[in-house]
Amino acid sequence: MKGKIGLLFSLLLISGYANAELRIYTEQYPPYNMTTNGQPFAHSQKDITGLCTDVLTAVLEGAKVEYSIKLRDLSYGLKRTEQHSDHGIYCVSRTADRDPAFNWVGPLASIKWSLFAKPGSSIDLKNLEHARKYKIGGYKGDVMTTYLADKGFNVSAISNNGLNARRLVQDQIDLWVADGLAGPYLAADASDVTDLEQVLVFRETPMYLAINKNTDPKVLSALQNSYEKLVSSGDLETISRSYGF
0 MKGKIGLLFS LLLISGYANA ELRIYTEQYP PYNMTTNGQP FAHSQKDITG LCTDVLTAVL
60 EGAKVEYSIK LRDLSYGLKR TEQHSDHGIY CVSRTADRDP AFNWVGPLAS IKWSLFAKPG
120 SSIDLKNLEH ARKYKIGGYK GDVMTTYLAD KGFNVSAISN NGLNARRLVQ DQIDLWVADG
180 LAGPYLAADA SDVTDLEQVL VFRETPMYLA INKNTDPKVL SALQNSYEKL VSSGDLETIS
240 RSYGF
């Protein structure tokens, strides 16, 4: 009798764990992850869109797992994911300090570290070293901005990244360091500036879904298999192309 009860209890535990809902977080970073109404948070998946969101949704549906997606700030999502099983966050870079803390699925997309000039600019860069003679606008705390500053480039960083496009057209800076997709999106949205000249892509950072280390390995395997099918079928490329990649 005890054996039957023990077996039943074990089966219930396995069933409950296998059917656990993945609680997934993201941040406001258009056009990769963003709310449909521009708000900095969202409680429901129907209010969240973007390139990474579309790719991840396809992966989750292909893996046939239960899930929910909420949009919060990055630090909140990272903390929740690190502390709780069946939690995840996207799209995040797989840095050296983050790598051992999570399991990873992807990459879902890549951020292109780019230098932009104003519309119609004649600036022509063959490589990053050619940018040393120019004044480069950046965003305080941003990894791309910090990278250039640490390398000794002439960087002028401000706390409102959206104003850098306006600084370009007003000749306050010569170049602006930003992501290849997010930069033009932000320029149009915050400064009403379009047709920026992307004069150089000097680095690329792959972005992933990070999953808590204690999440069921079967769930992780299902997600990775679904991702690989998305790549091999060409559907990942199709989604990326729809956002200008």
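Going by numbering that gives the first Met the number 0, the first residue of the sequence shown is number 0, and it counts up by one from there.
Ideal placement from N, C-alpha and C gives every residue a C-beta, glycine not left out.
With DSSP as the reference, please indicate the residues paired to residue i in a beta bridge.
| i | result |
| --- | --- |
| Q197 | F115 |
| A154 | First, the amino acid is wrong: residue 154 is Val here, not Ala. Its beta-bridge partners are I135. |
| M206 | S92, A108 |
| L174 | I135 |
| M33 | T48 |
| R240 | Partner(s): none; R240 has no beta bridge. |
| L21 | Y66 |
| Y28 | N32 |
| N211 | F101 |
Tell me the rounded alpha-carbon separation between residue i and residue j.
| i | j | result |
| --- | --- | --- |
| E20 | S67 | 7 Å |
| Y28 | A181 | 8 Å |
| S231 | A62 | 15 Å |
| A187 | D215 | 42 Å |
| A156 | S220 | 42 Å |
| E296 | R22 | The requested residue 296 is not part of the displayed model; the chain covers only 0 to 244. |
| M33 | I47 | 6 Å |
| S241 | V54 | 11 Å |
| D178 | G137 | 11 Å |
| I238 | L50 | 7 Å |
| Y133 | V218 | 49 Å |
| M143 | Y75 | 22 Å |
| L147 | V154 | 7 Å |
| V168 | S121 | 13 Å |
| P30 | N213 | 30 Å |
| Y207 | Y24 | 12 Å |
| L195 | L77 | 33 Å |
| L250 | T56 | The first residue shown for the chain is 0 and the last is 244, placing residue 250 beyond what the model contains. |
| G105 | L124 | 31 Å |
| T35 | S109 | 22 Å |
| T145 | S92 | 16 Å |
| D141 | G119 | 26 Å |
According to the neighbour-count rule (16 or more other Cβ atoms, all chains shown, within 10 Å of its Cβ), is residue i buried or exposed?
| i | result |
| --- | --- |
| A100 | exposed |
| G117 | The sequence given here places Lys at residue 117; Gly does not occur at that position. Result: buried. |
| S113 | buried |
| D271 | Given a span of 0 to 244 for the chain in the structure shown, any question on residue 271 remains unanswerable. |
| E26 | buried |
| D173 | buried |
| A95 | exposed |
| G37 | exposed |
| D149 | exposed |
| N126 | exposed |
| G243 | exposed |
| V176 | buried |
| D98 | exposed |
| T52 | buried |
| N307 | Residue 307 is absent from the model: the chain starts at 0 and stops at 244. |
| T80 | buried |
| G233 | exposed |
| N160 | buried |
| G151 | exposed |
### Task
Note down, one range per segment and in chain order, each alpha helix (DSSP H) of at least 4 residues found wholly within the segment 39 to 95.
50 to 62, 73 to 82
### Message
Contact between the segment 76 to 84 and the segment 192 to 206 is defined here as three or more beta-carbon pairs at a separation below 8 Å; is this criterion met?
### Response
no
#### Entry: Inter-stretch contact (C-beta, 8 Å, three-pair minimum) for the segment 188 to 195 and the segment 146 to 164
Yes, the segment 188 to 195 touches the segment 146 to 164.
### Query
Within the chosen definition, does the segment 207 to 227 reach the segment 50 to 62 through at least 3 CB pairs nearer than 8 Å?
yes
### Query
On the three-pair Cβ rule with 8 Å, is the segment 39 to 47 touching the segment 67 to 79?
yes
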